[in-house]
Amino acid sequence: MTTNSTYPPVHVIGGGLAGSEAAWQIAQSGVPVILHEMRREGVTTDAHHTDGLAEMVCSNSFRSDDWQFNAVGLLHAEMRKLDSLIMACADQHQVPAGGALAVDRDGFSGEVTRRLEAHPLVTIIREEIAGLPPQDWDNVIVATGPLTSPALAQAILDMTGEGQLSFFDAIAPIIHFDSIDMDKAWRQSRYDKEGPGGDAAAYINCPMNKEQYEAFIDALLDGPKSEFKEWENVPYFDGCLPIEVMAERGRETLRHGPMKPVGLTNPRDPTVKSYAIVQLRQDNALGTLWNMVGFQTKLKHGVQAETFRMIPGLENAQFARLGGLHRNTFINSPKLLDRSLRMKVQPRLRFAGQVTGVEGYVESAAMGLLTGRFAAADRKGAPIDAPPPTTALGALVEHITGGHLEAGNGPGSFQPMNINYGLLPPLEAPKVDEDGKKIPLKERGRAKKRLMSLRALKDLETWAGL
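So for the sequence shown, the UniProt record's numbering puts the first residue at 1; every next one is plus one.
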């Protein structure tokens with residue numbers, strides 16, 4: 001139930017991790033909130049099993065909790081500093097998982113539900129919002145996740161003029177630039193053609209001879225594949241076929257498709273024609289992340305890195321994310337949202353969670369945390385800016401609203417992203433530690449991550465006035 005308040009309520013649609021976190025942040029700021037959740041007795045979704053808030057439908061893990069050397073652990077730390085409900089309940093219901101934060105999923109969901117039901121400024125209404133929210137709801141957060149109801153999804157399409165929502169991910173692996181061996185790879189665009197930015201060397205090229213190509217095709221065909229869940233019904237489109245499906249259509253298919261070598265010359269051996277070439281394209285504005293062009297895949301994650309490290313120049317590749325193809329619903333956030341995650345064409349609506357194009361439990365909850373704070377600040381007449389991009393929270397906002405590069409790949413190229421250090425502005429790797437001792441070369445990468453994490457926490461505290 002709600003108590004008397006000088007503020008009209010904010011409405012949150014969706015009681016998953018993002019919606020629950022958003023509702024908590026709003027209520028904790030002293031603004032009443034109405035949380036609308038469609039799951040109730042007799043009404044559920046294909047993926048959910050309960051009507052509990054913040055139900056974890058897949059894994060029970062929030063991944064690494066190491067704030068010093070892991071970007072998702074850094075995100076955990078930032079959220080804890082900002083009174084995250086999701087992190088508090090996860091900590092309370094933690095189960096052994098080594099360096100990861102895993103939870104008892106029933107205890108966790110029950111705790112989130114209990115705390116929100118007990119909050120005097122939170123009202124929970126079990127109902128589906130079919131279509132756009134009523135016009136008199138002037139401050140709304142849409143946090144409906146990957147299974148947004150068809151009526152609401154269609155309403156968003158009609159409002160934005162977008163041809164379609166992305167109802168599935170067709171994701172190619174993304175690699176940290178500093179892990180690519182540029183002594184084997186080289187920069188060149190096909191036929192040295194300049195792109196819109198005037199760059200005739202917009203791609204990184206990794207060459208293969210015939211023996212390397214044949215071994216790679218064998219690995220693709222033999223590698224274990226992920227199967228779609230029965231409810232996902234994920235379609236294949238010719239423009240985004242998994243690479244192993246292309247390989248199944250013929251061993252030469254890939255070298256006449258995304259791995260074709262035409263128009264490219266290896267400057268280190270210009271007289272020898274490569275049998276096949278894998279191209280990488282810049283994926284973010286910072287130039288720290290590069291995606292494997294045309295390499296969306298259903299290979300299981302356990303074999304992806306091993307298989308792709310067969311490619312010359314990628315032997316030591318570090319992956320910001322691996323490839324995949326699965327059911328999802330997300331909007332074209334770089335085009336549709338501003339930096340406070342409002343819909344540009346209808347600013348009364350904010351979006352949070354996986355529907356914005358972040359990937360993962362923690363990232364989804366993080367967007368709920370920010371939208372809750374943005375919505376509450378607006379309600380109080382004191383809008384706030386997003387955290388700086390040097391923080392994990394700010395880097396996610398930066399990526400989904402402006403850091404992603406289309407890079408000539410067309411309107412459908414925006415894909416969900418986990419938090420990773422490649423989204424944060426880079427720092428130089430330190431050569432000496434805090435005591436002035438020389439850091440061994442192989443340990444400087446870890447030392448750089450720690451510096452980036454320390455910078456992030458300091459900048460977050462300044463932003464939040466902590």
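All C-beta atoms, glycine included, are put in the ideal place defined by N, C-alpha and C.
Residue i, DSSP secondary structure in three states
i	result
HIS119	coil
TRP231	Summary for TRP231: the model assigns pLDDT 42, below 50, so the residue's position carries little reliability, and this model does not support an answer.
LEU190	Per the sequence shown, residue 190 should be read as Arg rather than Leu. The answer is helix: DSSP assigns ARG190 an H, G or I state.
GLY408	Residue placement at GLY408 cannot be trusted, given a pLDDT of 42 that sits under 50; the coordinates are not used to answer.
TYR421	helix
MET38	coil
ILE125	strand
LYS225	strand
LYS442	helix
ALA285	coil
ALA172	coil
GLN279	strand
VAL272	coil
residue 480	There is simply no residue 480 to check, as the chain begins at 1 and stops at 466 in what is shown.
PHE397	As written in the sequence, residue 397 is Val, which differs from the Phe given in the question. Correct three-state label for VAL397: helix.
ILE180	coil
VAL112	helix
VAL140	strand
MET259	coil
PRO8	coil
VAL33	strand
PRO150	helix
Inter-residue CB distance, residue i and residue j (contact presumed, cutoff 8 Å)
i	j	result
ALA352	THR371	4 Å
GLY360	PHE414	That belief does not hold up - the Cβ atoms of GLY360 and PHE414 are roughly 16 Å apart, past 8 Å.
VAL31	ALA22	That pair is no contact at about 11 Å.
ALA365	LEU396	Contact doesn't hold; Cβ gap of about 11 Å is too wide.
ALA88	PHE62	Going by Cβ atoms, the distance from ALA88 to PHE62 rounds to 12 Å, so no, they are not a contact pair.
ALA456	ALA392	6 Å
GLY223	VAL303	5 Å
Residues of its chain near residue i, where Cβ-Cβ distance is below 8 Å and the 5 sequence neighbours each way are ignored
i	result
ASP433	ILE439, ALA447
PHE295	ALA172, PRO173, ILE243, PRO258, VAL278, PHE308, GLY323
LEU451	LEU427, PRO430
LEU241	GLN296
ASP66	GLY73, GLY99
GLU117	ILE124
VAL272	ASN266
PRO347	ASP338
SER64	ASN70, VAL72, GLY73, GLY99, ALA100, LEU101
Close beta carbons around residue i, own chain, < 6 Å, minus the five adjacent residues each side
i	result
GLU315	ARG309
GLY422	HIS176, THR288, LEU289, ALA320
ASN420	ALA71, ALA320
ASP238	No answer about ASP238 holds up, because its pLDDT of 47 lies below 50 and its placement is not dependable.
ILE311	CYS206, VAL278
ALA77	TRP67
Exposed unless 16 or more other CB atoms sit within 10 angstroms - verdict on residue i
i	result
TYR191	exposed
GLN92	exposed
GLU37	buried
GLU55	buried
GLY145	buried
CYS206	buried
ARG255	buried
TRP231	Confidence in TRP231 is poor, its pLDDT being 42 and thus under 50, which makes the residue's placement unreliable; the coordinate value appears in the next sentence. The residue is exposed, with fewer than 16 neighbouring Cβ atoms inside 10 Å.
ASP136	exposed
ARG249	exposed
LEU221	exposed
GLY16	buried
THR462	exposed
GLU252	exposed
ALA18	buried
ASN284	buried
ALA215	exposed
MET182	exposed
GLU398	buried
Other residues of its chain near residue i: CB distance less than 7 Å, five sequence neighbours each side excluded
i	result
ARG379	TYR7, VAL10, VAL31, ASN139
GLN25	LEU369, GLY372, ARG373, ALA376
ALA97	SER61
THR401	SER333, PRO334, LEU337, ASP338, ARG339
ILE129	ILE13, HIS36, LEU152
ALA185	ILE204, ASN205, CYS206, GLY313
VAL82	In the sequence under discussion, the amino acid at residue 82 is Leu, which differs from the Val named in the question. Same-chain partners within the cutoff: LEU369, ALA464.
GLY381	none
GLY52	SER109, GLY110, THR113
Below-8 Å beta-carbon distance, residue i vs any chain D residue
i	result
ALA88	The structure shown contains no chain D; it holds only a single protein chain.
Original post:
Can you list the alpha helix (DSSP H) stretches of 4 or more residues lying completely in the region 287–331, in chain order?
Top reply: 301–308
Original post:
Fully enclosed by the region 322–386, which beta strand (DSSP E) runs are 3 residues long or longer?
Top reply: 324–330, 346–351
Original post:
Where in the region 43–106 do unbroken runs of the alpha helix (DSSP H), each at least 4 residues long, occur, reported from the N-terminal end onward?
Top reply: 71–81, 85–92
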